[in-house]
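Student: Just add 158 to wherever you are in the sequence shown, counting from 1, and you've got the working numbering.
Where is the CB? At the ideal position from N, CA and C, for every residue including glycine.
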Amino acid sequence: MSDWRDALSSAIGLLDHGMLVTMRVRGARDRARTHRISADERLRTLAQVDEAYGCSLDPSSFFPEPEAMDPTLREVRPGVWDARWPSPYTPFLDEVAALYMANVENRTAHARLFLAPRATARPAIIAVHGYMGGQWILEQAQWPIARLMRRGLDVALPLLPSHAARAGSRRGVPNFPSSDPRLANEGFRQAVADIVSLARWLRERGAPHVGIMGMSLGGYVAALIATVSDSIDFVMPMVPLASIANFAREQGRLGTGPNADEQQDALERANWVVSPLARPLRIPSSRALVVAAEHDHVTPLSHAMRIARHFNCELVTIPGGHLLQRGRASVFRHLTRMLESEGVIRAHP
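#1: Should residue 414 and residue 450 be called a contact, given that it needs their Cβ atoms to be closer than 9 Å?
#2: From residue 370 to residue 195, what distance separates their C-alpha atoms?
#3: So does the region 375–385 actually touch the region 285–296, counting three or more Cβ pairs closer than 8 Å?
#4: Would you identify the three-state DSSP class for residue 260, choosing helix, strand or coil?
#5: Checking 9 Å against the spacing of the C-beta atoms, do residue 228 and residue 268 come in under that value?
#6: Express the C-alpha separation of residue 242 and residue 364 in angstroms, rounding to a whole number.
#7: Rank 226, 482 and 208 by C-alpha distance to the C-alpha of residue 353 and give the top, closest one.
#8: For residue 376, does the three-state DSSP call read helix, strand or coil?
#9: Pull up the distance between the alpha-carbon of residue 314 and that of residue 202, whole angstroms please.
#10: Only counting the same chain, and skipping five residues up and downstream in sequence, which positions put a Cβ closer than 6 Å to that of residue 497?
#11: According to DSSP, residue 287 sits in a beta bridge with which residue or residues?
#12: Output the distance between the C-alpha atoms of residue 221 and residue 483, rounded to the nearest integer angstrom.
#13: Note down the Cα distance separating residue 494 from residue 309, rounded to an integer number of angstroms.
#14: What does the alpha-carbon distance come out to for the pair residue 409 and residue 375?
#15: Go through its chain and collect everything with a Cβ distance to residue 249's Cβ below 7 Å, but skip five positions before and after it.
#16: Rounded to the nearest angstrom, what separates residue 395 and residue 252 at their Cα positions?
#17: So is residue 230 buried or exposed if we call it buried at 16+ other beta carbons inside 10 Å?
#18: Quick check: the Cα distance between residue 218 and residue 479, rounded to an integer number of angstroms?
#19: Using alpha carbons as the reference points, say which of 401, 399, 304 and 275 lies closest to residue 237.
#20: Residue range of the beta strand (DSSP E) that residue 493 falls in?
#21: My understanding is that residue 461 touches residue 404, with C-beta atoms under 8 Å, so please give their C-beta distance in whole angstroms.
#22: Which of helix, strand or coil does DSSP assign to residue 197?
#23: Let me confirm a value: residue 208 is counted as buried when at least 16 other C-beta atoms fall within 10 Å, else exposed. Which label applies?
#24: On the three-state DSSP scale, how would you describe residue 395?
#25: Return the chain-ordered list of same chain residues with a C-beta closer than 6 Å to the C-beta of residue 265, the five sequence neighbours on each side being excluded.
#26: Which one of 453, 204, 447 and 458 has the shortest CA to CA distance from residue 399?
#27: If contacts are defined as beta-carbon pairs under 8 Å, then residue 456 and residue 473 qualify, I think. What distance do you get, rounded to the angstrom?
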């Protein structure tokens with residue numbers, strides 16, 4: 159038994175390490191550009207970003223309600239649709255607008271929808287993928303779509319900015335989040351606008367409740383939306399990122415010692431406007447659930463704990479790591495029990 163556990167632990171660690179190596183390789187060009195400037199210059203730059211965005215912590219000013227959208231729908235197979243619509247987005251900072259909007263493909267939002275017949279008013283759940291995700295075949299395997307639909311939920315899988323079909327010339331290499339904190343802020347702001355537009359459309363279609371869950375980077379986005387929009391009714395971040403600055407520090411990107419402490423604090427302030435920790439949860443804490451993996455080497459347990467403490471909600475810890483998540487079925491049982499107790503779905507017969 160001990161040998162089996164040791165082998166499993168090694169496999170978990172190797173998978174997570176492989177993901178981190180891939181992320182480092184794909185982000186090497188951006189990091190090289192960042193490290194060409196001195197630590198003092200980076201601190202000055204981060205302070206300027208903090209000043210540019212720091213006045214915008216009011217959700218209504220930084221995350222305005224997007225206009226209603228009318229997606230173009232293409233039927234993939236009965237009950238499954240691909241939706242696309244113009245992303246309702248204008249960059250907040252004029253100085254990065256041209257750079258951010260240069261990726262033409264990113265100006266179109268996409269989602270794959272799993273919908274019951276329109277005559278049936280069912281709640282819906284939006285499931286947000288993680289970094290380097292968004293390929294439909296993988297996302298459909300990632301989420302228990304059939305189980306959720308059997309429990310009475312429609313399911314929507316949106317694409318995050320600059321991922322998959324939205325990657326443009328950097329196809330397969332997402333430049334969101336960016337090592338430039340301004341572009342990271344703009345990307346999260348666009349993600350909120352796109353997904354809130356989708357949530358509003360699901361409501362207009364007849365969904366009495368709309369919720370959101372997300373994996374890793376998608377967990378960060380889900381948690382953020384739960385603090386800035388009234389368009390969702392429940393939330394479940396899974397193995398979520400909680401802090402860009404913490405992640406950078408954990409991966410050794412900020413060096414060590416007092417200088418690293420300074421840089422971490424400065425980076426946290428620069429991205430605070432899009433932090434899920436910057437504002438209170440806008441739904442009852444009984445409608446929030448955070449999921450952590452005990453041996454997660456990508457977004458360690460501390461990230462999920464931080465969000466759960468901020469939301470004052472239940473934290474469910476499962477065995478396994480970031481990619482190899484043992485006990486996933488229990489997570490979705492927790493979710494459906496929460497939705498039953500909150501009257502979102504009917505109790506299982």
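Tutor: With the given structure in hand:
#1: Numbered from 1 along the sequence shown, position 256 holds the residue referred to as residue 414. Numbered from 1 along the sequence shown, position 292 holds the residue referred to as residue 450. Contact: no.
#2: Residue 370 sits at position 212 when you count from the first residue of the sequence shown. Residue 195 sits at position 37 when you count from the first residue of the sequence shown. Cα to Cα, the separation comes out at about 39 Å.
#3: yes
#4: For the purposes of this step, residue 260 is taken as residue 102 along the sequence shown, with counting starting at 1. Three-state DSSP puts residue 260 in coil, outside helix and strand.
#5: Start at 1 with the first residue of the sequence shown, and residue 228 comes out as number 70. Start at 1 with the first residue of the sequence shown, and residue 268 comes out as number 110. No, these two residues do not count as a Cβ contact at 9 Å.
#6: As a position in the sequence shown, residue 364 is number 206, starting the count at 1. As a position in the sequence shown, residue 242 is number 84, starting the count at 1. Whole-angstrom Cα-Cα distance: 19 Å.
#7: What you label residue 353 is simply residue 195 of the sequence shown in a count that begins at 1. The option with the nearest alpha carbon to residue 353 is 226.
#8: Translated into the one-based positions of the sequence shown, residue 376 becomes position 218. In this structure, residue 376 counts as helix in the three-state DSSP scheme.
#9: Within the sequence shown, numbered from 1, the residue matching residue 314 stands at position 156. Within the sequence shown, numbered from 1, the residue matching residue 202 stands at position 44. Using only the alpha carbons, I get a separation of about 41 Å.
#10: By one-based count along the sequence shown, residue 497 stands at place 339. Cβ within range, chain order: 503.
#11: Taking the sequence shown and counting its residues from 1, one reaches residue 287 at position 129. For residue 287, which the question treats as bridged, DSSP gives no partner whatsoever.
#12: On the sequence shown, residue 221 is found 63 positions in, with the first residue counted as 1. On the sequence shown, residue 483 is found 325 positions in, with the first residue counted as 1. Residue 221 and residue 483: Cα-Cα distance of roughly 33 Å.
#13: Sequence index remark: in the sequence shown, residue 494 carries index 336 (1-based). Sequence index remark: in the sequence shown, residue 309 carries index 151 (1-based). In a straight line, the C-alpha of residue 494 is about 8 Å away from that of residue 309.
#14: Locating residue 409 in the sequence shown gives position 251, where the first residue counts as 1. Locating residue 375 in the sequence shown gives position 217, where the first residue counts as 1. Rounded to whole angstroms, residue 409 to residue 375 spans 16 Å at the Cα level.
#15: For this step, residue 249 is matched to residue 91 along the sequence shown. For residue 249, where only same-chain residues beyond five positions count, the Cβ hits under 7 Å are 255, 258, 259 and 344.
#16: As a first step, residue 395 must be located in the sequence shown, where it is residue number 237. As a first step, residue 252 must be located in the sequence shown, where it is residue number 94. Answer to the nearest angstrom: the Cα atoms are 32 Å apart.
#17: Working through the sequence shown from its first residue, we reach residue 230 at position 72. The residue is exposed, with fewer than 16 neighbouring Cβ atoms inside 10 Å.
#18: Start at 1 with the first residue of the sequence shown, and residue 218 comes out as number 60. Start at 1 with the first residue of the sequence shown, and residue 479 comes out as number 321. For residue 218 and residue 479, the distance between alpha carbons rounds to 37 Å.
#19: If you number the sequence shown from 1, residue 237 lands on position 79. Cα-wise, what sits closest to residue 237 is 275.
#20: Here residue 493 refers to the residue found at position 335 of the sequence shown. Run containing residue 493: none in the beta strand (DSSP E); it sits in the alpha helix (DSSP H), 486–499.
#21: Residue mapping note: residue 461 aligns to position 303 of the sequence shown, counting from 1. Residue mapping note: residue 404 aligns to position 246 of the sequence shown, counting from 1. About 7 Å; that satisfies the 8 Å criterion.
#22: To locate residue 197, count along the sequence shown from 1; it is residue 39. Residue 197 falls in the helix class under three-state DSSP.
#23: For this step, residue 208 is matched to residue 50 along the sequence shown. Per the 10 Å Cβ criterion, buried.
#24: By 1-based counting over the sequence shown, the position of residue 395 is 237. In this structure, residue 395 counts as strand in the three-state DSSP scheme.
#25: Numbered from 1 along the sequence shown, position 107 holds the residue referred to as residue 265. Taken in chain order, the residues that qualify are 245.
#26: Numbered from 1 along the sequence shown, position 241 holds the residue referred to as residue 399. The shortest C-alpha separation from residue 399 is found at 458.
#27: Along the sequence shown, read from residue 1 onward, the residue named residue 456 stands at position 298. Along the sequence shown, read from residue 1 onward, the residue named residue 473 stands at position 315. Rounded, the Cβ-Cβ distance is 18 Å, inconsistent with contact.
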